[in-house]
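Input: a single structure, listed below in structure tokens.
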Amino acid sequence: MSTTTVSEQTPPAPARRTRPPLSWRVRFAFLSLVWGFSFLFMKVGTEGFAPFQVTLGRLVFGTAVLAVAMAVKRERLPRGVRTWAHLAVAGFFLNALPFSLFAYSELTIPSTLAGICNATSPLWGMALSLVALSEDRPTRVRVAGLGLGFLGVLTVLGAWQGFHGLDARGTSMALLASLSYPVGWIYVRRTLAGSGASHLSLTGGQLLLATVQLAVVTPVFTDLPRHWSVLPLLAIAALGALGTGLAMLVQYGLVAEVGPTTAQMVTYFVPIIAAAAGVAVLGEQLSWSTPVGAVVVLAGAALTQVRPGSGSRLAARGRAAGTATERPSPSGQPTRDGETARDGQPQQAARPEPAGRA
Numbered sequence: 322m323s324t325t326t327v328s329e330q331t332p333p334a335p336a337r338r339t340r341p342p343l344s345w346r347v348r349f350a351f352l353s354l355v356w357g358f359s360f361l362f363m364k365v366g367t368e369g370f371a372p373f374q375v376t377l378g379r380l381v382f383g384t385a386v387l388a389v390a391m392a393v394k395r396e397r398l399p400r401g402v403r404t405w406a407h408l409a410v411a412g413f414f415l416n417a418l419p420f421s422l423f424a425y426s427e428l429t430i431p432s433t434l435a436g437i438c439n440a441t442s443p444l445w446g447m448a449l450s451l452v453a454l455s456e457d458r459p460t461r462v463r464v465a466g467l468g469l470g471f472l473g474v475l476t477v478l479g480a481w482q483g484f485h486g487l488d489a490r491g492t493s494m495a496l497l498a499s500l501s502y503p504v505g506w507i508y509v510r511r512t513l514a515g516s517g518a519s520h521l522s523l524t525g526g527q528l529l530l531a532t533v534q535l536a537v538v539t540p541v542f543t544d545l546p547r548h549w550s551v552l553p554l555l556a557i558a559a560l561g562a563l564g565t566g567l568a569m570l571v572q573y574g575l576v577a578e579v580g581p582t583t584a585q586m587v588t589y590f591v592p593i594i595a596a597a598a599g600v601a602v603l604g605e606q607l608s609w610s611t612p613v614g615a616v617v618v619l620a621g622a623a624l625t626q627v628r629p630g631s632g633s634r635l636a637a638r639g640r641a642a643g644t645a646t647e648r649p650s651p652s653g654q655p656t657r658d659g660e661t662a663r664d665g666q667p668q669q670a671a672r673p674e675p676a677g678r679a
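Quick look at the structure:
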């Protein structure tokens, strides 16, 4: 048989799909590390600058990274007065408010406690979604997870000893920051789900407006620093460029590749890394109740994410392993057949939720 005959009978090789430059596991680990260290960066930043200044610097560096990404991809900012009005509200609840509250809280509480408070966002989100989202139905498992999670919060705070030695103001600010995230998520789902703009475009506009908000507020409540300390400035730059701008880009790519459920698991690693960084780098002290309570909080948060019938869907996916094909989502990002975002909404309706953002 000649070479020509063999080549004619051999089916053409399928076109190779381009692989991302890094494995999703590497990017998952990067998100966990950078969001976990964000609380350390905030702590260091507040040693040289006022909390509002730390937040403003963070937003400036984060917006700059997204602006570069949009320029490279030739994407434009969203259009429409109504869209920009909704983005202003989203920027306030998802960026300006929680970033500022966390920065202020770390003036009086350890970064480890702030990181654990951040992990309560899924608990607040579940409680709010039962009221605000009609498609979210309570189940016994999720209600049990909610109760378990808040029991873990009480353990972290040492409720049995009357919250002795705890700064109530700083802790309240950190918990309010974690509550602000799900408020923003619900607002975004109700107002921006069908906007038609890409995730990158919406996030770029959202961060830009949050930066404008802080640029207006910061001069009113703070004075220019007399000394520009190098280490706090580098911490703010890392907090914005890595923990906000680059992390958002990595998160959206991760969601597009492995789905929102797997990507959101980053949330459960953030407080562990935040605690380890606070103890190892800043020399913060941990009592036994802090790690024990954190584990209980994370277990409760995981239970609140369990959806009805998730077991049968996972079994069906297992039988169909290797047969899933990619289809374009409304936003133009690939998604796998049969895979939707949380609450059964398509990926465009449920933007990748920033649950683990510090």
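The sequence shown begins at 322 in this note's numbering and counts up by one. Ideal Cβ placement from N, Cα and C applies to all residues, glycine included.
Residue environment for R379: buried (at least 16 other C-beta atoms within 10 angstroms of its C-beta). Around the beta carbon of A406, fewer than 16 other beta carbons sit within 10 angstroms, so the residue counts as exposed. No Cβ-Cβ contact shorter than 8 Å links V571 with A440. A595 places its beta carbon less than 8 Å from that of S432. Here the C-alpha atom of Q626 lies approximately 36 Å from the C-alpha atom of A371. In this structure, P546 keeps its C-beta atom at 8 Å or more from the C-beta atom of E368. Between the segment 383-395 and the segment 556-563, the count of Cβ pairs shorter than 8 Å is three or higher; the stretches touch.
In the DSSP assignment, M586 falls outside any alpha helix (DSSP H) and carries neither an H nor an E. For I557, the enclosing alpha helix (DSSP H) starts and ends at V551 to G561.
Between G470 and G621, the beta carbon gap of about 3 Å places them in contact (Cβ cut-off 8 Å).
Counting C-beta atoms within 10 angstroms of its own C-beta, V393 has fewer than 16 neighbours from the protein chains shown and is therefore classed as exposed. Rounded to whole angstroms, the Cβ separation of A495 and L467 is 19 Å, and the two are not in contact under 8 Å.
Residue nearest to Q527 within the set F413, V347 and R346 is F413 (criterion: CA-CA distance). Between the segment 608-618 and the segment 472-481 there are three or more inter-stretch CB-CB distances shorter than 8 Å, so the stretches are counted as touching.
Under the three-state reduction of DSSP output, I507 falls in the helix class. Taken atom to atom, the span from the alpha-carbon of A568 to that of F349 is near 10 Å. In the structure shown, A453 falls within a helical segment according to DSSP collapsed to helix, strand and coil.
Residue environment: V541 is assigned as exposed (fewer than 16 neighbouring CB atoms within 10 Å of its CB, all protein chains considered). Rounded to whole angstroms, the gap between the alpha carbons of T460 and L500 is 21 Å.
In the structure shown, I430 falls within a coil segment according to DSSP collapsed to helix, strand and coil.
Scanning its chain for C-beta atoms nearer than 7 Å, with the 5 sequence neighbours on each side dropped, one finds around R490 the residues T429, in chain order.
L422 and L529 have their C-alpha atoms spaced approximately 19 Å apart. Between L415 and G525, the C-beta spacing is not below 8 Å.
Nearest neighbour of V551 by Cα position, chosen from V538, F362, F420 and W506, turns out to be F362. Taking C-beta atoms under 8 Å as the contact rule, V591 and W356 qualify, at a distance of about 5 Å.
For G357, the enclosing alpha helix (DSSP H) begins and ends at W345 to G366. Taking the Cα positions, L434 is about 27 Å away from R346. Your pair V576 and L352 does not check out as a contact, with CB atoms roughly 11 Å apart and the cut at 8 Å.
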